[in-house]
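This report refers to the structure that appears directly beneath it.
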Amino acid sequence: MEPHEIKPDTKLCTIIGMSAQVGIARKYFVKVFKHYNLNIAPIALNIKQEHLDITLKGLPNSKIQYSYIEPEYQKEAVAFCDNLDNISKELGYIDIIEVDDKMANGINFENDVRELFPKEYVFDNNTMLMVKILLITKRWYKIEFDINDVPVLMNQ
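If you read the sequence shown in my numbering, its first letter stands for residue 24, the second for the next number, and so on.
Listed below in structure tokens is the structure:
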């Protein structure tokens, strides 16, 4: 989504990482939002390591409700969450932070992704990411998706 396409009714989410603006997660979010005709802009924030603390500490008091955390910060981001789901606690990293009532909630989708595939399925990083983004979009924006759309979305 281009800046001129953002309208007053456009919903926002953020992607936090070192190279979030050019990362594959941003590309996948854009593909998913377009595929499902969602008026949502993923705002990619390129955050250097020295600015990560202030960025994550500030999330609960900002207007940002939904943030995807790039892999390079997923372990560190755990320390900035007020609450963690059980899988985040178990694996020691989060995929997203949701802010609700000034509380940062860390959530991990690894097990949710694995439950959608046969036990013997071997994931590559890109497939795991695309399915996570579909699950995140379902959670945040109430879409229903078909798992068969994964290869289509990845190859668009």
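From the three backbone atoms N, C-alpha and C, an ideal C-beta is built for every residue, glycine too.
Model, not experiment: these values are computed from the prediction.
Judged by their CB atoms, I117 and Q97 are nearer to each other than the 8 Å cut-off.
Taking C-beta separations shorter than 6 Å and ignoring five residues to either side along the sequence, the partners of V122 in its chain run L82, P83 and Q88, following chain order. Per DSSP, the unbroken beta strand (DSSP E) holding L35 starts and ends at K34 to G40. Residues M126, A127, N128 and G129 of the same chain have their beta carbon placed closer than 8 Å to that of N106, with the five preceding and five following residues left out of the count. DSSP, read as helix, strand or coil, puts S111 in helix. Under the criterion of beta carbons closer than 8 Å, I38 and R49 qualify as touching, at roughly 5 Å. In this model, D32 and P141 are separated by some 39 Å (Cα to Cα). Take W163, set aside five residues on each side of it, and the residues of its chain with a beta-carbon closer than 6 Å to its own are Y89, in chain order.
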